[in-house]
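Visitor: For the sequence shown, position 266 (counting from the first letter as 1) is numbered 266 according to UniProt numbering, and the numbering increases by one without interruption.
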Amino acid sequence: MVKVMSKDIQIVGVIGHGYLECSEIYLAKRKGGKGLCSVRVLSVENVDYESIEKEIRFLKWLSHPNILSSDLIFVEDVNIFFVSPFYNLCSVLHIMQKYYPYGLPEKAIVRITKGLLLALQYLHEQKITHRAVRCGHVLLSSNNEVKLCGLRHCVYVNPNELTGVSECCHDFDESMINNLLWLAPEVLKQDLHGYGLLSDVYSLGITLCEMANGFPPFSDMDRLQMLYEKCKGTTPRLLDCTTLPDSCDDPVIEQKKRRFTDAFHNFVDICLKPSPDGRWPVHRLLSHHFVRSLKKSRSFTHLLPLAVPITEKNVEPYVAEPPADHDRMDDWVF
């Protein structure tokens, strides 16, 4: 059981868990009638010090409307508590697993995409690559907020004197192993050329396929096959009546009933070019007609009508003993 001695917050329920099941996510009250917040509890025994230090540094330093912030971080015993604003629709992965198993409506995806592009544009202006864009790292609220989290994976890009590339990185730490499905081919190759900011654009394309199809591309393959397919240039696609064959299995009948716009197909194709030279930078993607089709008046309440916001009344009660491992769902990957 996690005990919180802080006078500022009171845990009222369990939202989920993440960070490779090393952290728990709680719904909490800010004392003094200051509203709800989320509390992520991470044991320092489960992660290395440098990883924690880097995440705290980015959480405190980065400031953008579409990037998760943390307004209180404190330590008790062996646990670090990250207190952040509460986003009542939770992660996009949570929404899909619970309410939209065959993928989200396109109009909702447009709004999410705009928020992610703005977050990435801010990071890229700071010469930072996120390296972990995926549905589990995107938080939503019924107030139309879109927040990118997972900042512990961020790294700076630097000039490569050997190749002459102005923005390059070669880092590949252990925490990235669980992001392999979303990583660009140049990240996986780990060669002299390294990777840059455009690797995030590829990850965005994979994330859009994940949102639209209900699962990430390459998830039916083992790691070696996935690496081979990406490096040889296999390009994932959106699943709808224009891309699926007439004779399809039962699990994809739902996808067969729908049709995504040509603009959406084109946007994903641009993001998923095997070579980074073929991808558009984020600032150019913001001008794509898929993103410009966004209707400002539509909220997530209307765009995702099946998704039920988490409140004090319907949140899983906070109990002394954690649920059994097989009952847990890694829907917040933070």
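We put the CB at the ideal spot given by N, CA and C, even for glycine.
From what residue to what residue does the alpha helix (DSSP H) around LEU120 run?
Guide: As a working mapping, residue 120 is identified with position 120 in the sequence shown. It spans 106–125 - the alpha helix (DSSP H) in which LEU120 sits, taken as one unbroken run.
Visitor: By the 10 Å Cβ neighbour count, where 16 or more other Cβ atoms means buried, how is CYS241 classified, buried or exposed?
Guide: Along the sequence shown, read from residue 1 onward, the residue named residue 241 stands at position 241. Exposed is the call here.
Visitor: Helix or strand or just coil, what does DSSP make of GLY205?
Guide: Along the sequence shown, read from residue 1 onward, the residue named residue 205 stands at position 205. Three-state result, GLY205: helix.
Visitor: Quick one: Cα of LEU197 to Cα of PRO65, how far?
Guide: One-based indexing of the sequence shown puts residue 197 at position 197. One-based indexing of the sequence shown puts residue 65 at position 65. Going by the C-alpha atoms only, they are around 20 Å apart.
Visitor: With DSSP as the reference, label ILE310 as helix, strand or coil.
Guide: As a working note, residue 310 is residue 310 in the sequence shown. Three-state DSSP puts ILE310 in coil, outside helix and strand.
Visitor: Is LEU72 near the ligand NAP, going by C-beta to nearest heavy atom under 7 Å?
Guide: By its list of ligands, the structure shown contains no ligand whatsoever, and the ligand NAP lies outside what it can speak to.
Visitor: Between the segment 280–294 and the segment 111–124, can you find at least three pairs of beta-carbon atoms closer than 8 Å?
Guide: Judged by Cβ distances under 8 Å, the segment 111–124 makes contact with the segment 280–294, as three or more pairs qualify.
Visitor: Give the secondary structure of LEU180 by DSSP, where H, G and I count as helix, E and B as strand, and everything else as coil.
Guide: Here residue 180 is taken as the residue at index 180 of the sequence shown, counted from 1. The answer is helix: DSSP assigns LEU180 an H, G or I state.
Visitor: Taking 8 Å as the cut-off, decide whether the C-beta atoms of SER199 and PRO276 are in contact.
Guide: The sequence position of residue 199 within the sequence shown is 199, counting from 1. The sequence position of residue 276 within the sequence shown is 276, counting from 1. Yes, the pair counts as a contact, with Cβ atoms nearer than the cut-off.
Visitor: When you compare only the Cα positions, how much space is there between ARG298 and LEU139?
Guide: Your numbering for residue 298 matches position 298 in the sequence shown. Your numbering for residue 139 matches position 139 in the sequence shown. Approximately 18 Å, taken between the alpha carbons.
Visitor: Tell me whether the beta-carbon of PHE218 lies closer than 8 Å to the beta-carbon of GLU229.
Guide: Against the sequence shown, residue 218 aligns to sequence position 218. Against the sequence shown, residue 229 aligns to sequence position 229. Yes, the pair counts as a contact, with Cβ atoms nearer than the cut-off.
Visitor: Give the secondary structure of TYR49 by DSSP, where H, G and I count as helix, E and B as strand, and everything else as coil.
Guide: Within the sequence shown, numbered from 1, the residue matching residue 49 stands at position 49. Note: TYR49 maps to helix in three-state DSSP.
Visitor: Give me the Cα-Cα distance between ILE11 and ILE80, rounded to the nearest whole angstrom.
Guide: Sequence index remark: in the sequence shown, residue 11 carries index 11 (1-based). Sequence index remark: in the sequence shown, residue 80 carries index 80 (1-based). Whole-angstrom Cα-Cα distance: 15 Å.
Visitor: Three or more C-beta pairs closer than 8 Å, one from the segment 166–185 and one from the segment 86–93: is that the case here?
Guide: Contact fails: fewer than three Cβ-Cβ distances are below 8 Å.
Visitor: Is residue 337 helix, strand or coil by DSSP?
Guide: Outside the modelled stretch of the chain, which goes from 1 to 334, sits residue 337, for which no answer is possible.
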